[in-house]
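Below is one structure; the comments refer to it alone.
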Amino acid sequence: MTPDPATRSTDATRRSVLKHSTLGASALALGAAGATGTALAQDEEDDEAEEDEAEAVESTVVLFGGDYRPGVAFDVLLSLGADGTETLFESAGLTGEFDTASEWDVSLVAFDTGGSAPELGHLMTSEASLGSGDSAVIGTDASLRNGELNLIETTIAAPDTDEDAANGADASGVSPDDYPAVDEWLTETAVGAAAPNYDETIVDQRDQETVTIGVGTGSRGWEFDPVAVAISPGTTVRWEWTGRGGAHNVEAEPDGQIGESDYEFSSGGPTAEGGTTYEQTFDDAGLALYHCEPHLSVGMKGAIVIES
Ligand SMILES: [Cu+2]
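Residue numbers for the sequence shown, in full-length UniProt numbering: 1 to 308.
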């Protein structure tokens, strides 16, 4: 029997989707992602009776590798429904766990990458219920769901409540107003250009043990993503080169830049090699402002707020 697409976003269905979650099992198999995933599944069981609470928890989603844009906000354009989902899975040759298309919700989403035209992608989930008009943010912590099928698993911050979405307020309470140096570094042009992908929000990743920042994101590959992120003291940040936009590096030189910054570090000379990583652990509360040397002039800048 095929579920009627129109009923798939009702509360009753949403609850059954959450119950139906296969996250526990798959997260365990994923090793590093297991700790977070299992805790998440547990949270959902605990919160099942409280619909609103459950929605505030992050949800796991699956994307095609080419659609993965860490830290990028997106709008749901439409839900494909049961028939559309089945067609997509078939045309993409998805097998195995995707044989049961009815267990998945697939949405067509528009990523807000700051370019002139939105970039579209598909977002698959067996636990969150997304509807047209919902907005959320793609997680920066990703793992490979299925290498053969080029599928990435990550989390999304659950659909925002209306007031959050409407005014763009950071629900986390990490406000750029509290960190004028972040604003200064990312918007002023006395040293380099303004970061084109900074929208005066600081992505809250304080609950993550490791945080990943894409190096070479955006339409031209000249951005860090997320451009501004809040982490907890003791967190390791890993920069990951996308392989796009030419040679990049990660350079924090408080003496040579605008804005008060507490950290100095460097990944070394620029490299274009996709998959390159650079890690830095931030033990003390404060600010780290940094940039890419070859692309400082086009605003390839980033900021990390370390706050408990
Ligand atoms: Cu660069």
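For glycine and all other residues, C-beta sits at the position ideal for the given N, C-alpha and C. Here the structure is a predicted model, which is why all the values come from computation and not from measurement.
For Pro180, the number of other beta carbons within 10 angstroms of its own is below 16, and it is reported as exposed. Here the alpha carbon of Ala288 sits roughly 32 angstroms from the alpha carbon of Leu151. Taking the Cα of Ala247 as reference, the smallest distance to any Cα among Glu293, Tyr263, Asp207 and Gly133 is reached at Glu293.
Shown here, Val227 sits in coil according to DSSP, grouped into three states, outside any helix or strand. Of all alpha-carbon atoms in Leu149, Asp178, Gly71 and Asp134, the one lying nearest the alpha-carbon of Thr95 is that of Leu149. DSSP lists Ala230 and Leu287 as the beta-bridge partner residues of Val305. The beta strand (DSSP E) runs of length 3 or more contained entirely in the segment 86 to 114 are, from start to end of the chain, 105 to 111.
Val203 has Val229 as its beta-bridge partners, per DSSP.
The Cβ-Cβ distance between Thr60 and Thr140 does not fall below 9 angstroms. For the options Asn197, Ala117, Ile156 and Thr217, the alpha carbon positioned closest to that of Ser129 is the one of Ile156. When beta bridges are read from the DSSP output, His122 appears opposite Leu108.
Remark: the C-beta of Asn249 is in contact range of ligand 1, defined as less than 8 angstroms to any heavy atom. In this chain, Leu144 is not harboured by any alpha helix (DSSP H); it is covered by the beta strand (DSSP E) spanning Ser143 to Asn146.
For the set Pro176, Leu296, Ser266 and Trp104, the Cα lying nearest the Cα of Glu307 is the one of Pro176. The beta carbon of Gly114 sits closer than 6 angstroms to the beta carbons of Pro196 and Asn197 from its chain, once the five residues preceding and following it are set aside; these are given in chain order. Secondary structure of Thr187 (DSSP, three-state): helix.
The alpha-carbon of Glu253 is positioned some 8 angstroms away from that of Ser266. With a contact defined as Cβ atoms closer than 8 angstroms, Gly216 and Gly245 qualify at about 4 angstroms. Distance from the CA atom of Gly214 to the CA atom of Val72, rounded to whole angstroms, is 11 angstroms. For Gly268, the CB stays at least 8 angstroms from every heavy atom of ligand 1. Not one heavy atom of ligand 1 sits closer than 8 angstroms to the Cβ of Val191. Inclusion of Ala230 and Val137 in the CB contact set at 9 angstroms is not warranted, their separation being larger than that value. Here the alpha carbons of Glu279 and Thr235 stand approximately 10 angstroms from one another.
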